[in-house]
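K.L.:
Quick one: structure below, then a few questions.
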Ligand code: MV4
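In the working numbering, the protein residues as written are 3 to 668.
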């Protein structure tokens with residue numbers, strides 16, 4: 003065996019992918035180096051590495067995109083290779099080049115390949131030369147209005163306008179008629195210029211309701227290349243993948259062989275090295291068309307790992323050492339043929355009810371699924387900072403066939419719980435169980451067709467208020483119970499008369515009466531309806547509740563004044579108001595109590611304590627995942643107290659300021 007090219011890998015990334023790369027690197031005996039920003043000082047990936055280096059402030063530009071800081075971290079720790087993960091610098095040709103120039107092995111393709119695939123026009127020309135079918139279109143140098151309009155007419159409407167340097171749907175327009183072309187061209191051009199620093203556009207025939215099918219390829223430095231089958235990533239929202247599976251329900255063995263063959267030919271033609279993915283649109287007519295090539299390991303690589311029985315990070319490390327590919331195409335084909343089916347969902351800190359608005363905050367409790375692969379970097383008390391991607395975990399199920407994988411995944415999602423930060427777990431679970439998805443009809447139109455905004459709320463649970471009341475009661479007694487032996491707790495003697503309780507449950511104010519009964523039981527009366535309940539505490543975060551004879555399971559965790567709980571897959575947050583100052587409705591309009599509407603960071607204060615404000619005036623600004631939200635005064639008055647400062651992290655419901663209305667004469 004030839005001498006190793008590297009021994010120590012710096013992982014230029016964070017979160018689940020940094021952990022996932024380190025896991026394989028450690029298994030293979032490599033030393034690892036983590037890097038972290040101010041926001042990630044206590045992040046799991048920092049502890050997982052042999053050593054870790056602080057590289058800058060929380061915003062990505064200052065840290066995970068900071069090339070000099072990364073190279074310096076490698077030099078200081080003696081790392082001789084860099085794995086970029088995905089996102090951040092993974093497809094930055096200048097970074098790959100800078101690593102090579104610094105004598106570091108970049109675990110990925112060469113800078114030239116990254117650069118060649120970074121431009122859609124150039125990539126399509128190269129791919130066409132290699133015999134890969136591309137979407138018919140125009141990707142010429144003449145970008146004049148007249149030429150573009152003429153080319154659009156030749157292609158035939160509907161036409162897609164795309165940014166040549168773009169990705170992820172930004173700068174993309176679909177034009178259905180010639181009359182609409184010029185305005186769309188101009189707006190795409192200016193969006194491309196500002197988003198990608200290049201106003202170069204390409205035109206394509208629009209494929210109607212396509213599937214997104216991608217082929218995983220792998221190549222070594224010796225001219226060998228293989229494919230590992232396809233992934234179907236059609237179910238997306240806002241051009242972000244949500245569900246990925248392999249094999250695709252829409253791809254036959256014959257189509258897989260053809261798509262795989264052209265992908266391998268393409269990888270060889272461009273002298274590609276390492277892991278790569280060719281993205282195709284598959285039309286309803288069965289024709290496939292190349293869209294773009296991703297020159298990195300992808301988020302959804304785990305479904306391929308499951309069906310092919312390989313570790314793609316291990317392959318990346320092998321290939322980067324100069325070794326030949328571990329398996330031949332025929333061996334991979336045989337594995338895929340008997341590999342069953344794998345499906346992955348992306349668990350994201352976002353609110354499906356608010357157009358998938360990213361959420362940040364602190365994890366009150368995380369319970370991963372017990373029987374499925376779950377790649378994550380979550381733990382109780384972990385911060386989900388507002389600066390980075392909202393994906394916090396991937397859950398992957400592998401089964402003998404699609405129905406088997408689907409059943410396992412839906413079950414796994416139900417047994418996991420992410421409390422304290424709004425997330426899409428419940429939404430994913432409903433997507434998986436939708437008849438159209440079950441039937442393999444998950445096209446790119448799936449979410450908008452079957453889950454328009456109005457359909458994203460799940461059915462209200464009318465037992466939630468009574469259960470919330472009992473969980474609050476249990477939480478109150480938990481401290482007492484921990485100090486006294488069970489037999490002295492005196493549940494039988496604590497029989498009480500109905501006690502009034504008020505609390506905020508999600509966005510509703512609830513008032514009800516709780517009577518403590520013997521034997522850890524309660525009777526809850528709300529609006530004339532009586533519910534009898536008993537509880538068995540199963541763990542610090544888990545309680546079984548018998549509600550009117552039916553057993554329900556709750557996961558719960560307290561975080562400050564809020565108790566978070568999950569009930570049959572629905573998450574709730576409850577804030578006890580029973581002993582709050584008798585200020586009336588604390589959160590109701592006109593109370594003068596200004597509370598945070600979401601998790602985020604206070605980035606600006608527009609008023610000072612004592613200031614006179616008018617209803618509707620912006621008091622302060624909260625930033626959540628790169629979006630700013632003004633918090634408004636609901637009433638005229640004086641800012642009596644201002645309880646937060648710039649830089650403070652706030653959770654939903656947190657009191658931010660109090661406004662006292664002008665004195666009124668009675
Ligand atoms: C297309 C298309 C139809 N025809 N190109 C969306 C993101 C970017 N990667 C390319 N996209 C599309 N390009 C042609 N010629 C439809 C889409 C598209 C899409 C593609 C894959 C998955 C989801 C999608 C959702 C909307 C549009």
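We treat Cβ as the ideally placed atom computed from N, Cα and C, and that holds for glycine.
Quick one: give me the first and last residue of the alpha helix (DSSP H) that residue 198 is part of.
P.N.:
Mapped onto the chain shown, residue 198 falls at position 196. Where residue 198 is concerned, the enclosing alpha helix (DSSP H) stretches over 183–198.
K.L.:
Using 8 Å for Cβ pairs, my map puts residue 399 next to residue 411. What's the rounded Cβ distance?
P.N.:
On the chain shown, residue 399 is found 397 positions in, with the first residue counted as 1. On the chain shown, residue 411 is found 409 positions in, with the first residue counted as 1. Their Cβ separation, rounded to whole angstroms, is 4 Å, which keeps residue 399 and residue 411 in contact under 8 Å.
K.L.:
Since residue 265 is in the alpha helix (DSSP H), which residue starts that stretch and which ends it?
P.N.:
As a working note, residue 265 is residue 263 in the chain shown. Its alpha helix (DSSP H) spans residues 255–271.
K.L.:
So the beta strand (DSSP E) residue 532 belongs to, where does it begin and stop?
P.N.:
Position 530 of the chain shown, counting from 1, holds the residue named residue 532. That run of the beta strand (DSSP E) goes 531–541.
K.L.:
Along the chain, where does the alpha helix (DSSP H) that runs through residue 146 open and close?
P.N.:
As a working mapping, residue 146 is identified with position 144 in the chain shown. No alpha helix (DSSP H) holds residue 146; DSSP gives it neither H nor E.
K.L.:
Taking contact to mean at least 3 C-beta pairs separated by less than 8 Å, is the region 315–328 in contact with the region 373–386?
P.N.:
Taking 8 Å as the limit for Cβ pairs, the verdict is that the region 373–386 does not touch the region 315–328.
K.L.:
Please work out which residues of its chain come closer than 8 Å, Cβ to Cβ, to residue 611, disregarding the five sequence neighbours upstream and downstream, and give them in chain order.
P.N.:
Taking the first residue of the chain shown as position 1, residue 611 is located at position 609. If we look at residue 611 and ignore the five residues flanking it on each side, its Cβ neighbours are 641, 642, 643, 644.
K.L.:
Which same chain residues, not among the five before or five after residue 311, have their C-beta less than 7 Å away from its C-beta?
P.N.:
Working through the chain shown from its first residue, we reach residue 311 at position 309. These residues qualify, in order along the chain: 337, 341.
K.L.:
Is the beta carbon of residue 514 closer than 8 Å to that of residue 528?
P.N.:
Here residue 528 corresponds to residue number 526 of the chain shown, with the count starting at 1. Here residue 514 corresponds to residue number 512 of the chain shown, with the count starting at 1. It is a contact, given that the beta carbons lie within the stated cut-off.
K.L.:
Tell me which same chain residues have a C-beta within less than 7 Å of the C-beta of residue 235, skipping the five on either side of it?
P.N.:
To locate residue 235, count along the chain shown from 1; it is residue 233. Cβ neighbours of residue 235 beyond the five flanking positions: 214, 216, 243, 246, 302.
K.L.:
Which same chain residues end up closer than 7 Å to residue 477 when comparing Cβ atoms and leaving out the 5 residues on each side of it in sequence?
P.N.:
Sequence index remark: in the chain shown, residue 477 carries index 475 (1-based). Contacts found: 560, 565.
K.L.:
Please report the straight-line C-alpha distance between residue 45 and residue 626, rounded to a whole angstrom.
P.N.:
As a working mapping, residue 45 is identified with position 43 in the chain shown. As a working mapping, residue 626 is identified with position 624 in the chain shown. About 19 Å.
K.L.:
Taking all protein chains shown into account, do 16 or more other C-beta atoms lie within 10 angstroms of the C-beta of residue 499, making it buried, or fewer, making it exposed?
P.N.:
Position 497 of the chain shown, counted from the start, is the residue given in the question as residue 499. Exposed, by the Cβ-count rule.
K.L.:
What does DSSP give as the partner residue(s) for residue 604 in the beta ladder?
P.N.:
Here residue 604 refers to the residue found at position 602 when the chain shown is read from its first residue. Residue 604 pairs with 624.
K.L.:
Helix, strand or coil for residue 243 per DSSP?
P.N.:
The count along the chain shown starts at 1 and reaches residue 243 at position 241. Note: residue 243 maps to strand in three-state DSSP.
K.L.:
Quick check on the DSSP output: the beta strand (DSSP E) that includes residue 380 runs from which residue to which?
P.N.:
Counting from one through the chain shown, the residue named residue 380 turns up at place 378. It is not in any beta strand (DSSP E) - residue 380 carries neither H nor E in the DSSP assignment.
K.L.:
Looking at residue 205: is its Cβ nearer than 8 Å to the Cβ of residue 153?
P.N.:
Counting from one through the chain shown, the residue named residue 205 turns up at place 203. Counting from one through the chain shown, the residue named residue 153 turns up at place 151. In contact: residue 205 and residue 153 (Cβ atoms closer than 8 Å).
K.L.:
Exposed or buried, residue 424, counting other C-beta atoms within 10 Å across all chains shown (16 or more means buried)?
P.N.:
Reading the chain shown from its first residue, position 422 is the one you call residue 424. Result: buried.
K.L.:
Thinking C-beta only, is residue 122 closer than 8 Å to residue 136?
P.N.:
Position 134 of the chain shown holds residue 136. Position 120 of the chain shown holds residue 122. Their beta carbons are not under 8 Å apart, which means residue 136 does not touch residue 122 by this criterion.
K.L.:
Output the boundary residues of the alpha helix (DSSP H) element that contains residue 315.
P.N.:
On the chain shown, residue 315 is found 313 positions in, with the first residue counted as 1. Residue 315 -> alpha helix (DSSP H) spans 314–322.
K.L.:
Does the region 426–439 come into contact with the region 195–210, if we say contact requires no fewer than three beta-carbon pairs (one atom in each stretch) closer than 8 Å?
P.N.:
As far as the Cβ criterion goes, the region 426–439 does not touch the region 195–210, which means the pair count is below three.
K.L.:
Taking just the CA atoms, how far does residue 173 sit from residue 635?
P.N.:
As a working mapping, residue 635 is identified with position 633 in the chain shown. As a working mapping, residue 173 is identified with position 171 in the chain shown. If you take the alpha carbons of residue 635 and residue 173, they lie about 36 Å apart.
K.L.:
Closer than 6 Å by C-beta to residue 223: which residues in its own chain qualify, once you throw out the five before and the five after it? Chain order, please.
P.N.:
If you number the chain shown from 1, residue 223 lands on position 221. Excluding residues within five positions, the ones whose Cβ falls inside 6 Å are 275, 324.
K.L.:
Which stretch, first to last residue, makes up the alpha helix (DSSP H) that contains residue 327?
P.N.:
Your numbering for residue 327 matches position 325 in the chain shown. Unbroken run through residue 327: none, as it is neither H nor E.
K.L.:
Here's a check: name, in chain order, each residue in its chain whose Cβ is nearer than 6 Å to the Cβ of residue 490, leaving out the five neighbours to either side.
P.N.:
By one-based count along the chain shown, residue 490 stands at place 488. Caution applies to residue 490, whose pLDDT of 46 falls short of 50 and renders its modelled position unreliable; the value that the coordinates give is listed next. Cβ neighbours of residue 490 beyond the five flanking positions: none.
K.L.:
Alpha carbon to alpha carbon, how far is residue 538 from residue 522?
P.N.:
Taking the chain shown and counting its residues from 1, the one referred to as residue 538 is at position 536. Taking the chain shown and counting its residues from 1, the one referred to as residue 522 is at position 520. The straight-line gap from Cα to Cα measures roughly 8 Å.
K.L.:
Given this structure, state the Cα-to-Cα distance separating residue 191 from residue 165, to the nearest angstrom.
P.N.:
The residue given as residue 191 occupies position 189 in the chain shown. The residue given as residue 165 occupies position 163 in the chain shown. Each residue's Cα considered, the two are about 7 Å apart.
K.L.:
Out of 176, 69, 29, 298, which one is the CA nearest neighbour of residue 116?
P.N.:
Locating residue 116 in the chain shown gives position 114, counting from the first residue. When only C-alpha atoms are compared, the closest one is 298.
K.L.:
Ignore the nearest five residues each way along the sequence and tell me which others in residue 407's own chain have a CB closer than 8 Å to its CB.
P.N.:
Working through the chain shown from its first residue, we reach residue 407 at position 405. Counting only Cβ-Cβ distances below 8 Å, and skipping sequence neighbours, we find 247, 342, 343, 344, 345, 399, 400, 401.
K.L.:
Taking just the CA atoms, how far does residue 81 sit from residue 50?
P.N.:
On the chain shown, residue 50 is found 48 positions in, with the first residue counted as 1. On the chain shown, residue 81 is found 79 positions in, with the first residue counted as 1. Between residue 50 and residue 81, the C-alpha separation is close to 16 Å.
K.L.:
Leaving out five residues before and five after residue 178 in sequence, what residues of the same chain have Cβ atoms less than 7 Å from its Cβ?
P.N.:
What you label residue 178 is simply residue 176 of the chain shown in a count that begins at 1. Here the set comprises 159, 160.
K.L.:
With respect to the beta strand (DSSP E) encompassing residue 39, which residues constitute its N-terminal and C-terminal limits?
P.N.:
Taking the chain shown and counting its residues from 1, the one referred to as residue 39 is at position 37. That run of the beta strand (DSSP E) goes 33–39.
K.L.:
Mind checking whether residue 371 and residue 397 have CB atoms under 8 Å apart?
P.N.:
Within the chain shown, residue 371 is the residue found at index 369, counting from 1. Within the chain shown, residue 397 is the residue found at index 395, counting from 1. Yes.
K.L.:
Note down, in chain order, each residue of its chain lying with its Cβ closer than 7 Å to the Cβ of residue 544, except the 5 sequence neighbours on either side.
P.N.:
Reading the chain shown from its first residue, position 542 is the one you call residue 544. So the qualifying residues of the chain are 557.
K.L.:
How close, in whole Å, do the beta carbons of residue 71 and residue 54 come, if the pair is a contact with beta carbons under 8 Å?
P.N.:
As a working mapping, residue 71 is identified with position 69 in the chain shown. As a working mapping, residue 54 is identified with position 52 in the chain shown. Actually they do not touch by this definition, with Cβ atoms about 13 Å apart.
K.L.:
With DSSP as the reference, label residue 235 as helix, strand or coil.
P.N.:
As a first step, residue 235 is located in the chain shown; it is residue number 233 there, counting from the start. Here residue 235 sits in coil by DSSP.
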